[in-house]
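J.: Take this structure, written in structure tokens, and hold onto it; I'll ask about it next.
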Amino acid sequence: MNLSPIEIALLIPGIVYCLIILFFWIGILREQKRESEPQTALPKVSVLIPARNESANIVQTLASLAKQTYPPDNFEVIIIDDRSTDGTAETVEAFIRESRLTHFRLISHDGQPDRPTFKKDALAHAITFSTGEIIMTTDADCQVQPDWIAGTVRQFDEKTGMVAGLITFDPNSESTLFHKLQTLEFAGLVFAGVGANGNRYPLICNGANLAYRRAAFDAVGGFAGHAHIPSGDDDLFMQYLHHHTNWQVRYNLDPATINYTQPVDTLRQFINQRARWGSKSREYPGALTFVFLLIVYLFYVMMLGLPMLWLSGLISGQLALNLVVLKIFPEYLVIRRALDVLQRQDLLIYFFIAELAQIPYIVIAGFAGFFKLFRWK
Numbered sequence: 383m384n385l386s387p388i389e390i391a392l393l394i395p396g397i398v399y400c401l402i403i404l405f406f407w408i409g410i411l412r413e414q415k416r417e418s419e420p421q422t423a424l425p426k427v428s429v430l431i432p433a434r435n436e437s438a439n440i441v442q443t444l445a446s447l448a449k450q451t452y453p454p455d456n457f458e459v460i461i462i463d464d465r466s467t468d469g470t471a472e473t474v475e476a477f478i479r480e481s482r483l484t485h486f487r488l489i490s491h492d493g494q495p496d497r498p499t500f501k502k503d504a505l506a507h508a509i510t511f512s513t514g515e516i517i518m519t520t521d522a523d524c525q526v527q528p529d530w531i532a533g534t535v536r537q538f539d540e541k542t543g544m545v546a547g548l549i550t551f552d553p554n555s556e557s558t559l560f561h562k563l564q565t566l567e568f569a570g571l572v573f574a575g576v577g578a579n580g581n582r583y584p585l586i587c588n589g590a591n592l593a594y595r596r597a598a599f600d601a602v603g604g605f606a607g608h609a610h611i612p613s614g615d616d617d618l619f620m621q622y623l624h625h626h627t628n629w630q631v632r633y634n635l636d637p638a639t640i641n642y643t644q645p646v647d648t649l650r651q652f653i654n655q656r657a658r659w660g661s662k663s664r665e666y667p668g669a670l671t672f673v674f675l676l677i678v679y680l681f682y683v684m685m686l687g688l689p690m691l692w693l694s695g696l697i698s699g700q701l702a703l704n705l706v707v708l709k710i711f712p713e714y715l716v717i718r719r720a721l722d723v724l725q726r727q728d729l730l731i732y733f734f735i736a737e738l739a740q741i742p743y744i745v746i747a748g749f750a751g752f753f754k755l756f757r758w759k
């Protein structure tokens, strides 16, 4: 097949993108085979939950934490009221009082009056009050399973400084096709992080299910290395830990430790959320990471314009089909593996719909995230 210069220019990033996604898939397989020394110790654990205007959700979160199999004497739960105006603090206080949970406590974080405060600030504030050897974080709108703390602690061997957990959407909250597509898309994002870590290149994780040693936190000076960035309490911290210490990072793929959250209801909320998540990618350390993200984004821009390139006769139908295959084939391998671990194989029937919807959303959210065209809560 004779290719024109423009076809060659399009095919090369397509092949590179395919190799990147296969890199993730291989990493997932490696992470699944990764073994650690069985841990029997019961270190003190501090669970931190930043909350801003979460009165409607936080009771379910706290109720799930109250059912932990980990000994109550060995863990504490610290809820940080971060300038809430909806009665979140009162809701938390009432729950603790009525449930008689002496290992749960509420603290307030007012920050600095002359500037906005973000989740990272609230966490750093809470860590100074915490006593645990292991720090675990989740969000105020998440539900955790009974074995979450115990199953996460078991993943820590003497070389492990951080354990990233899995997060997905609650199946009971998926009332529309849009919700199901979000779950499918989010699974791919989470398992890209699993795959990168499996290849010893920690890239992304989620603070809604994250654990790290206090010693590891102190080793990088906490969040000081990226304190000027509003977000990054999860993946930026992970990357700094990997680049600046000898602590290892691992993913916990135990289904009993998956945390559940809620999908958003509107497309506007979805784009804003993904743009917010993507905004910190411009701060990722290392030229290789920047090049990787740039290639991925440019590939999606190319795929968005693919129909017009074909209809205008600039590229052949055969090349257009080849580019589609270079995208779909490796992504299917990743999603199939992700849904197996998450026990959500029922979502596979929506794969091709999600593939179509993914292209414009990546282009729009990526642009909005890079230029910070989004709103914080």
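In terms of this note's numbering, the sequence shown is residues 383 to 759.
Ideal Cβ placement from N, Cα and C applies to all residues, glycine included.
1. I'd like to confirm the pairing. Which residues does DSSP put opposite N641 in its beta bridges?
2. Rank F560, H625, I531 by C-alpha distance to the C-alpha of I735 and give the top, closest one.
3. What is the DSSP secondary structure of I431, reduced to helix, strand or coil?
4. Report, in whole angstroms, the separation of the C-beta atoms of H491 and V459, which I expect to be a contact under 8 Å.
5. Assuming the contact rule is C-beta atoms closer than 8 Å, T643 and D521 should be a hit. Round their C-beta distance to whole Å, please.
6. For S446, which residues in the same chain have their Cβ closer than 6 Å to its Cβ, ignoring the five residues on either side in sequence?
7. Can you give me the start and stop residues for the beta strand (DSSP E) that E737 sits inside?
8. Who does Y594 pair with in a DSSP beta bridge?
9. Ends of the beta strand (DSSP E) at S490?
10. Cβ atoms of E436 and T470: under 8 Å apart, would you say?
11. Count the other CB atoms within 10 Å of the CB of Q453; is the residue buried (16 or more) or exposed (fewer)?
12. Quick check: the Cα distance between F672 and K662, rounded to an integer number of angstroms?
13. Keeping to the same chain, check which residues put their C-beta closer than 7 Å to that of Q655; ignore five residues upstream and five downstream.
14. Please classify I611: does DSSP put it in a helix, a strand, or coil?
15. Is it true that the CB of E515 sits closer than 8 Å to the CB of K426?
16. Name the two residues that bound the continuous beta strand (DSSP E) containing E458.
17. Counting beta carbon pairs with one atom in the stretch 721 to 733 and one in the stretch 562 to 578, are three or more of them shorter than 8 Å?
18. Measuring only the C-alpha atoms, how far is M684 from L392?
19. Just to confirm the assignment, what range does the beta strand (DSSP E) spanning Q630 have?
20. Based on Cα-Cα distance, which residue from L708, Q651, K502, T542 lies nearest to Y743?
21. Helix, strand or coil, according to DSSP, for Q525 in the structure here?
22. Pairing CB atoms from the stretch 530 to 540 with CB atoms from the stretch 684 to 703, are three or more of them under 8 Å?
23. Could you check the C-alpha separation between L721 and T550 for me, to the nearest Å?
24. Contact check, T627 vs A598 under 8 Å by CB: the rounded distance?
25. Looking only at C-alpha atoms, which of N554, G575, V398, I509 sits nearest to L548?
26. Quick check: the Cα distance between I462 and R416, rounded to an integer number of angstroms?
27. With DSSP collapsed to three states, give me the class of F511.
T.: The short version:
1. I549
2. F560
3. strand
4. The Cβ separation is near 16 Å, so there is no contact.
5. 6 Å
6. Q525, V526
7. It is not in any beta strand (DSSP E) - E737 instead sits in the alpha helix (DSSP H) that spans 733 to 752.
8. I517, M544
9. 486 to 490
10. yes
11. The sequence as given places Pro at residue 453; Gln does not occur at that position. That one is exposed.
12. 12 Å
13. V646
14. coil
15. yes
16. 457 to 463
17. yes
18. 7 Å
19. 630 to 633
20. Q651
21. strand
22. no
23. 10 Å
24. 7 Å
25. G575
26. 35 Å
27. coil
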